[in-house]
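Student: Going line by line, the protein sequences match chains A and B.
Quick note: to get the numbering used here, add 221 to the position in the first sequence (first position is 1).
Quick note: to get the numbering used here, add 221 to the position in the second sequence (first position is 1).
Number of protein chains: 2
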Amino acid sequence: MRSIEITASERKEVARQLSVWGEGNDDDISDITDKLGVLIYEIGELEDQFIDRYDQYRITLKSIRDIEGSVQPSRERKQKITDQIAYLKYKDPQSPKINVLEQELVRAEAESLVAEAQLSNITREKLKVAFNYQFDSMREHAEKIALIAGYGKALLELLDESPVTPGETRAAYDGYESSKQIIIDAENALATWTFDSAVVKPTLSFAAHDEEEYDDEDLAEETENLKITEDQWAAEDKVAA
Amino acid sequence: MRSIEITASERKEVARQLSVWGEGNDDDISDITDKLGVLIYEIGELEDQFIDRYDQYRITLKSIRDIEGSVQPSRERKQKITDQIAYLKYKDPQSPKINVLEQELVRAEAESLVAEAQLSNITREKLKVAFNYQFDSMREHAEKIALIAGYGKALLELLDESPVTPGETRAAYDGYESSKQIIIDAENALATWTFDSAVVKPTLSFAAHDEEEYDDEDLAEETENLKITEDQWAAEDKVAA
């Protein structure tokens with residue numbers, strides 16, 4: 222998605238502008254906007270990562286369209302032979318070609334059955350892999366954004382906004398250590414995030430559902446799956462060619 | 222952000238295409254892609270909501286620029302009088318105008334002190350309100366997206382992707398009730414989400430930090446705050462005019 226790409230680069234620009242604007246300001250504002258800039262830039266980076274993953278999901282979905290396309294000729298061939306037989310049976314019922322065509326139809330039907338089974342299997346497999354991958358990317362992205370937002374709010378608490386009266390000097394800013402620590406904490410939280418540590422969980426009102434199956438699966442594993450099906454598909458392409 | 226707007230509308234288009242594509246497919250795929258379409262469309266809707274909130278944040282930040290702009294003339298006036306006094310003291314040290322200018326300078330300094338205090342107060346207040354509002358919007362948006370992703374994964378589990386052999390018929394799809402329930406659960410989860418139910422929390426390595434202060438605050442309240450400062454500012458504008 223090109224538009225997410227633009228969002229990501231706009232985000233980074235916002236981060237830069239914020240830091241630049243803050244620099245010319247008092248110590249507290251300067252420090253906090255600088256750190257907010259770091260967090261917002263990090264969001265831009267996450268968006269970039271998300272785009273790459275979205276592309277992989279798109280490619281997988283496209284491969285479903287590809288196999289759909291490849292099954293079509295087999296369907297058409299079967300239909301064509303069926304039509305030819307019907308035509309001959311009407312025009313020249315004794316023609317020896319009917320028998321030849323009927324044998325050809327059996328072969329075409331066998332090929333078509335295989336093609337349809339492949340389509341049925343691959344469509345489901347790819348759909349599932351692609352969307353599991355996509356939803357996992359979303360979950361990771363979203364939980365990381367929510368984390369950053371939380372650290373952002375912690376940063377803001379360092380900013381003392383109690384009003385000063387004209388001529389009164391604002392108390393000296395002493396949040397440098399804390400703000401640095403918040404950024405370190407945020408970066409640690411992002412770096413150590415895993416699907417096992419994911420906290421947003423859907424509540425399902427039916428019990429039959431076994432969620433564990435997917436919770437253990439991580440994105441790396443799924444990327445591996447995507448690759449396997451991609452390779453498989455490439456191999457099948459080669460056989461078909 | 223215009224680019225998020227485009228992302229949202231592209232997202233909805235993806236949802237539509239997915240449902241349309243699925244319609245022509247077998248029951249299981251048709252039902253699941255239809256429901257996936259509903260969830261993805263919901264993401265688009267959330268993105269639209271997020272844009273509106275982003276706009277409000279942008280407007281608040283802009284108001285900081287506005288007050289910065291309004292303080293500038295007062296700074297310049299003070300500087301100009303100071304320069305005039307220095308010039309006269311050098312050129313015509315006995316000039317009675319010096320005394321007049323010095324009295325004018327006292328008034329200008331008083332005005333400037335007020336303006337600087339206003340700038341100091343409003344900048345911090347607005348910065349804090351705007352970013353708290355922005356981070357809360359992000360948190361809400363992100364947690365809701367993560368929720369949707371979780372329900373999406375639950376939907377995918379209804380899709381039986383075990384391969385069939387050529388000629389074999391796939392077991393009839395019986396997931397209609399479950400898929401409908403998943404959508405109902407998802408919509409309930411989104412509708413009942415509140416900041417109190419937010420689960421993604423930053424881990425801060427210093428204890429002095431009191432997080433409660435902001436956790437109780439909700440977006441509605443903050444929107445109220447935004448409004449108050451907007452009104453305040455409008456009122457100040459009127460006084461200035």
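Just so you know, even glycine gets a beta-carbon here, dropped at the ideal spot from N, CA and C.
A quick note: this is a predicted structure, and the numbers were derived from the prediction, not measured.
Please confirm whether A/VAL292 has its beta-carbon closer than 8 Å to some beta-carbon of chain B.
Tutor: No, because no Cβ of chain B sits closer than 8 Å to the Cβ of A/VAL292.
Student: Check whether chain E comes within 8 Å of B/VAL259, counting only Cβ atoms and requiring the distance to be less than that.
Tutor: Among the protein chains in the structure shown, which are A and B, there is no chain E.
Student: List, from N- to C-terminal side, the alpha helix (DSSP H) runs of 4 residues or more that fit wholly inside the segment 299 to 345 of chain B.
Tutor: Those alpha helix (DSSP H) runs which fall completely within the segment 299 to 345 of chain B and span 4+ residues do not exist here.
Student: Using a Cβ-Cβ distance cut-off of 8 Å, determine whether A/ILE227 contacts chain B.
Tutor: Yes, A/ILE227 lies at the interface with chain B (some Cβ there is under 8 Å from its Cβ).
Student: Quick one: residues in its chain with C-beta nearer than 7 Å to the C-beta of A/GLU337, no 5 flanking neighbours on either side, listed in chain order?
Tutor: The residues are VAL292.
Student: Anything in chain A within Cβ reach of B/SER400, meaning under 9 Å, just list it in chain order.
Tutor: In chain order: nothing, as chain A lies at least about 11 Å away.
Student: If you check the beta carbons only, do B/GLY373 and B/LEU239 fall under 8 Å apart?
Tutor: No, Cβ-Cβ distance for B/GLY373 and B/LEU239 is not below 8 Å.
Student: Please report how far the alpha carbon of A/THR413 lies from the alpha carbon of A/LYS365, in whole angstroms.
Tutor: Roughly 10 Å between the two C-alpha positions.
Student: When you compare the CB of A/VAL327 with every CB in chain B, is at least one pair closer than 8 Å?
Tutor: Not one chain B Cβ lies under 8 Å of A/VAL327.
Student: The segment 294 to 307 of chain A: which residues have C-beta closer than 8 Å to a C-beta of chain B, in chain order?
Tutor: Within the segment 294 to 307 of chain A, no residue qualifies.
Student: Rank B/SER251, B/ASN342, B/ARG237 by C-alpha distance to the C-alpha of A/GLU389 and give the top, closest one.
Tutor: Minimum Cα distance to A/GLU389 is reached at B/ASN342.
Student: What is the residue span of the alpha helix (DSSP H) that B/ALA410 lies within?
Tutor: Per DSSP, B/ALA410 belongs to the alpha helix (DSSP H) from 397 to 413.
Student: Look at the alpha carbon of B/PHE472 and the alpha carbon of B/HIS362, and state the distance between them as a whole number of angstroms.
Tutor: Since the first residue shown for chain B is 222 and the last is 462, residue 472 of chain B is missing from the structure and cannot be characterised.
Student: Distance, Cα to Cα, A/PHE416 vs A/LEU267?
Tutor: Going by the C-alpha atoms only, they are around 16 Å apart.
Student: Anything in chain B within Cβ reach of A/GLY373, meaning under 7 Å, just list it in chain order.
Tutor: PHE352, PHE356, listed in chain order.
Student: Looking only at C-alpha atoms, which of B/VAL421, B/LEU376, B/VAL420, B/GLU289 sits nearest to B/ASP249?
Tutor: Checking every option, the nearest Cα to that of B/ASP249 belongs to B/LEU376.
Student: Taking 8 Å as the limit between beta carbons, can you name the residues of its chain near B/VAL235, skipping five residues before and five after?
Tutor: Taken in chain order, the residues that qualify are ILE261.
Student: Given a threshold of 16 other Cβ atoms within 10 Å of its Cβ, counted over all protein chains shown, does A/VAL259 qualify as buried or as exposed?
Tutor: Classification for A/VAL259: buried.
Student: Alpha carbons only, please: which of B/LEU340, B/ILE264, B/LEU368, B/TYR354 is nearest the one belonging to B/ARG237?
Tutor: Considering only alpha carbons, the answer is B/ILE264.
Student: Using a Cβ-Cβ distance cut-off of 8 Å, determine whether B/GLU382 contacts chain A.
Tutor: So, interface residue.
Student: How about B/PHE271: is its C-beta nearer than 8 Å to some C-beta of chain A?
Tutor: B/PHE271 does not count as touching chain A.
Student: Exposed or buried, what is B/TYR308 when buried is set at 16 or more other beta-carbons lying within 10 Å of its beta-carbon?
Tutor: B/TYR308 comes out exposed.
Student: Under a Cβ-count criterion, where at least 16 other Cβ atoms within 10 Å of its own Cβ denotes burial, should B/GLU433 be classed as buried or exposed?
Tutor: Unreliable placement is indicated for B/GLU433, whose pLDDT of 44 sits below 50; the coordinate value is still reported in the next sentence. B/GLU433 comes out exposed.
Student: How about A/ILE253 and A/SER400: are their beta carbons less than 8 Å apart?
Tutor: Yes. Within cutoff.
Student: In angstroms, rounded to a whole number, what distance separates the CA positions of A/ILE403 and A/GLU226?
Tutor: A/ILE403 and A/GLU226: Cα-Cα distance of roughly 27 Å.
Student: So, does the CB of B/ALA236 fall closer than 8 Å to a CB anywhere in chain A?
Tutor: Chain A contact via Cβ: absent.
Student: Closest to A/LEU411 by CA distance: which of A/LEU425, A/ALA370, A/TYR397, A/VAL385 is it?
Tutor: Selected option, being the one with the closest Cα: A/ALA370.
Student: Less than 8 Å between C-beta atoms, sequence neighbours within five positions excluded: which residues of the same chain meet that for A/TYR278?
Tutor: Hits under 8 Å: ALA351, PHE352, TYR354, GLN355, SER358.
Student: At 8 Å on the CB atoms, spell out the chain A contacts of B/ASP406, in chain order.
Tutor: Those within 8 Å of B/ASP406 in chain A are PRO423, THR424, LEU425, SER426.
Student: Using only the alpha-carbon positions, how far apart do B/ASP436 and B/VAL420 sit?
Tutor: The predicted model places B/ASP436 with a pLDDT of 44, which falls under 50 and marks its position as unreliable; any figure quoted below should be read in that light. Approximately 11 Å, taken between the alpha carbons.
Student: Using the rule of at least 16 other Cβ atoms within 10 Å of the residue's Cβ for burial, across every protein chain shown, is A/ILE285 buried or exposed?
Tutor: Answer is buried; the Cβ neighbour count reaches 16.
Student: Kindly examine the ligand GTP and report whether one of its heavy atoms sits closer than 7 Å to the Cβ of B/GLU364.
Tutor: In the structure on display, the ligand GTP does not appear, and there are no ligands present to speak of.
Student: For A/SER341, which residues in chain B fall below 7 Å Cβ to Cβ?
Tutor: Chain B residues near A/SER341: VAL385, ARG391.
Student: Using a C-beta to C-beta distance shorter than 8 Å, which residues of chain B count as neighbours of A/VAL321?
Tutor: Going along chain B, no residue has its Cβ under 8 Å from A/VAL321, so there is no contact; the nearest lies around 24 Å.
Student: On the criterion of 16 or more Cβ atoms from any shown chain inside 10 Å, does B/ILE405 qualify as buried, or is it exposed?
Tutor: With fewer than 16 other Cβ atoms within 10 Å, it is exposed.
Student: Using the three-state DSSP reduction, which class does B/GLU231 fall into: helix, strand or coil?
Tutor: Reduced to three states, the DSSP call for B/GLU231 is helix.
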